[in-house]
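Shown next, in structure tokens, is the structure this report addresses.
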Amino acid sequence: MVEINTVDAFQGREANIVIFSAVRAGGVGGGIGFLSDIRRMNVALTRAKHFLFVIARCDSITVNPYWQDLVKHARETKAVVKVPLRNGNRAKPAFGELEEWQLDTAAPSVQS
Numbered sequence: 000m001v002e003i004n005t006v007d008a009f010q011g012r013e014a015n016i017v018i019f020s021a022v023r024a025g026g027v028g029g030g031i032g033f034l035s036d037i038r039r040m041n042v043a044l045t046r047a048k049h050f051l052f053v054i055a056r057c058d059s060i061t062v063n064p065y066w067q068d069l070v071k072h073a074r075e076t077k078a079v080v081k082v083p084l085r086n087g088n089r090a091k092p093a094f095g096e097l098e099e100w101q102l103d104t105a106a107p108s109v110q111s
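Quick note: the sequence shown, position 49, residue 48 per numbering that gives the first Met the number 0, numbers continuous.
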């Protein structure tokens with residue numbers, strides 16, 4: 000069974016696999032909205048029993064120090080996969096072939 004819901008709906012519950020989408024984060028200048036709430040981050044990242052997948056644009060979420068720490072840790076443990084965009088069109092992205100995906104071990108940019 001697949002359940003799709005908000006972070007708040009998973010408060011106090013768990014799932015075997017969680018896919019958390021943070022792709023609507025505004026990033027530099029615009030902040031990251033609800034993602035900056037540490038309580039929601041805690042709920043989002045602690046609901047998975049076995050596997051947690053976070054889908055995000057690292058440059059956008061690392062404007063927040065907590066997300067920056069998470070991305071840094073994920074890169075150090077080789078848990079970030081960089082997925083190339085073929086056409087760069089945000090309205091209708093086309094992702095590269097699976098063979099083009101690569102581990103991203105680059106240091107996160109430091110925001111001042």
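Idealized CB from N, CA, C, for every residue including glycine.
None of the values given here were measured: they were computed from a predicted structure.
Where residue i falls, given that 16 or more other Cβ within 10 Å makes a residue buried
i	result
Met40	buried
Thr113	For the chain, the structure presents residues 0 to 111; residue 113 sits outside this window and is missing.
Val1	exposed
Val70	buried
Leu34	buried
Val53	buried
Asn4	exposed
Residue i to residue j span [Cα, whole Å]
i	j	result
Leu102	Gly32	27 Å
Asn15	Leu44	13 Å
Ile18	Gly30	22 Å
Arg12	Glu98	36 Å
Val22	Asp58	11 Å
Glu75	Lys48	22 Å
Arg46	Ser20	14 Å
Cβ-based neighbour list, residue i, same chain, cut-off 6 Å, excluding 5 preceding and 5 following
i	result
Trp66	Ile60
Ala73	Val79
Leu51	Val17
Close Cβ partners of residue i (< 7 Å) along its chain, the five nearest in sequence each way excluded
i	result
Val42	Val6, Phe9 and Gln10
Sequence-distant residues of its chain with Cβ nearer than 8 Å to residue i (five each side left out)
i	result
Val177	Not covered by the structure: residue 177. The range shown for the chain is 0 to 111.
Ile37	Tyr65
Which residue spans inside the segment 35-109 form an unbroken beta strand (DSSP E) run of at least 3?
47-54
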